[in-house]
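S.K.: The UniProt record's numbering applies: residue 1 is where the sequence shown begins, and numbers increase by one.
My questions all concern the structure below.
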Amino acid sequence: MYYIGKRLGITLLTLLLVSLLTFACFHIIPGDAALLSLGTDATEEQVEAMRAELGLDKSLPIQYASWLGAFVTGSLGNSSRFRGESISAMVAERLPVTFHLAIISLIMVIIIAVPASFIGIKKENSFLDRLVNTFTAINISMPGFFLGVLLIWIFGLGFKLFTPGSYIDYRENYTGFLGCLFFPALAIALPNAAILVKFLRSSIFREFNSDYVRTARSKGLNRSQALFRHVVKNACLPAVTLLGMIIGEVFSGSIVIEQVFTIPGIGRLLIASITSRDYPMAQTLVVYIAFVVVLGNTLVDIAIRVIDPRIADARVREDAQ
1 MYYIGKRLGI TLLTLLLVSL LTFACFHIIP GDAALLSLGT DATEEQVEAM
51 RAELGLDKSL PIQYASWLGA FVTGSLGNSS RFRGESISAM VAERLPVTFH
101 LAIISLIMVI IIAVPASFIG IKKENSFLDR LVNTFTAINI SMPGFFLGVL
151 LIWIFGLGFK LFTPGSYIDY RENYTGFLGC LFFPALAIAL PNAAILVKFL
201 RSSIFREFNS DYVRTARSKG LNRSQALFRH VVKNACLPAV TLLGMIIGEV
251 FSGSIVIEQV FTIPGIGRLL IASITSRDYP MAQTLVVYIA FVVVLGNTLV
301 DIAIRVIDPR IADARVREDA Q
């Protein structure tokens with residue numbers, strides 16, 4: 001209970017700081033949200049009325065307190081970019097799209113990274129080992145947006161496996177919706193899978209060269225037995241921690257990939273709200289993304305405690321000192 005309470009407190013403090021920094025950054029950016037909403041032909045009286053409607057005529061502390069109260073209660077009002085559209089309704093409509101994209105990407109990361117990490121383990125510097133190293137080097141060095149464009153060029157325009165720019169609503173055809181997310185999810189997954197492969201392979205090779213594995217092999221265990229009885233658990237533990245960071249990378253990567261593949265998710269909505277100075281919408285989306293990232297890291301910490309309780313005991317002792 002102490003650990004859960006501590007993590008909950010850290011989560012709330014993190015979200016509060018994120019919301020405060022986001023609020024400050026958006027108000028530093030030059031531009032008038034009211035003028036952008038009405039257009040350059042609007043009169044000064046119309047702009048002032050819009051500023052009053054959006055609450056921009058109030059002091060910054062009052063604006064932040066008003067937004068924070070609205071966020072907590074869920075009464076975020078209407079978007080200044082999409083006139084008449086409720087912020088809560090727009091977020092609720094787009095959140096499932098980004099959520100599905102992120103989940104599919106994470107599944108792809110695990111499906112690609114875990115088998116690839118064990119390829120070539122039995123024999124270093126083999127053909128398969130060099131092939132995996134080449135895969136990781138290429139994908140780590142390739143930006144996500146470029147990989148997305150490359151996938152569109154090869155599989156969309158070249159092999160005609162999908163139509164670039166097409167999208168099927170998840171409420172109309174769920175299977176078709178998942179099909180539309182395959183290549184965008186792959187563009188997000190490949191660089192993150194390459195990072196996980198490189199990290200996990202390094203951990204496996206390091207564990208193989210440790211004293212306890214050499215002792216186990218001297219007692220008659222072959223390389224495969226030592227791998228699955230001793231190495232896997234200790235090598236995967238640091239990788240689980242890295243997976244928590246990858247969750248954040250997946251959600252941040254979706255912002256760019258949704259633009260590349262024209263997917264109507266949280267990422268595209270965030271870009272539109274930033275460019276139009278729709279402060280309440282942008283702040284809400286940033287805090288939602290931060291919440292998912294913090295929640296992912298919390299779940300990873302809990303998973304580590306389950307996998308190896310000794311880490312939990314060590315952290316409790318550190319907190320007590």
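Just so it is clear, CB atoms sit at the ideal spot from N, CA and C, and this is done for glycine as well.
None of the values given here were measured: they were computed from a predicted structure.
Using 10 angstroms around the beta-carbon of W67, count the other beta-carbons present and answer buried if the total reaches 16, otherwise exposed.
M.R.: W67 is buried by the Cβ-count criterion.
S.K.: Hey, E89 and V250: beta-carbon distance below 8 Å or not?
M.R.: Just to set this straight, residue 89 is Ala in the shown sequence, not Glu. Not in contact: A89 and V250 (Cβ atoms no closer than 8 Å).
S.K.: Take V47 and list the residues in its own chain whose beta-carbon comes closer than 8 Å to its own, dropping the five residues that flank it on each side.
M.R.: Contacts found: D32, A34, L35, L38.
S.K.: Counting C-beta neighbours from all protein chains within 10 Å, is the total for Y2 16 or more, i.e. buried, or is it exposed?
M.R.: Per the 10 Å Cβ criterion, exposed.
S.K.: I'd like the span of the alpha helix (DSSP H) that includes Y288, first residue to last.
M.R.: Unbroken alpha helix (DSSP H) run through Y288: 279-307.
S.K.: Tell me whether N222 sits in a helix, a strand or coil according to DSSP, three-state version.
M.R.: Here N222 sits in coil by DSSP.
S.K.: Give me, in chain order, the residues of the same chain whose beta-carbon lies closer than 6 Å to that of I302; leave out the 5 immediate sequence neighbours on both sides.
M.R.: Result list for I302: empty, nothing under 6 Å.
S.K.: Have a look at V294 and G77 and give me their C-alpha separation to the nearest angstrom.
M.R.: Going from the Cα of V294 to the Cα of G77 covers about 26 Å.
S.K.: Which residues in the same chain as I289 place their Cβ atom closer than 6 Å to its Cβ, once the five residues preceding and following it in sequence are excluded?
M.R.: Cβ within range, chain order: F251.
S.K.: Measuring CB to CB, does S79 end up less than 8 Å from M281?
M.R.: Yes, Cβ-Cβ distance for S79 and M281 is below 8 Å.
S.K.: Does S126 pass the burial test, meaning 16 or more other C-beta atoms within 10 Å, or should it be called exposed?
M.R.: Looking at its Cβ environment, which holds fewer than 16 other Cβ atoms inside 10 Å, S126 is exposed.
S.K.: Go ahead and pull the three-state DSSP assignment for N173.
M.R.: Here N173 sits in coil by DSSP.
S.K.: When the distance is taken between beta carbons, is V287 closer than 8 Å to V86?
M.R.: Before going further, note that residue 86 is Ser rather than Val in the sequence given. No. Outside cutoff.
S.K.: Could you tell me whether the Cβ atoms of I247 and T98 are closer together than 8 Å?
M.R.: Not in contact: I247 and T98 (Cβ atoms no closer than 8 Å).
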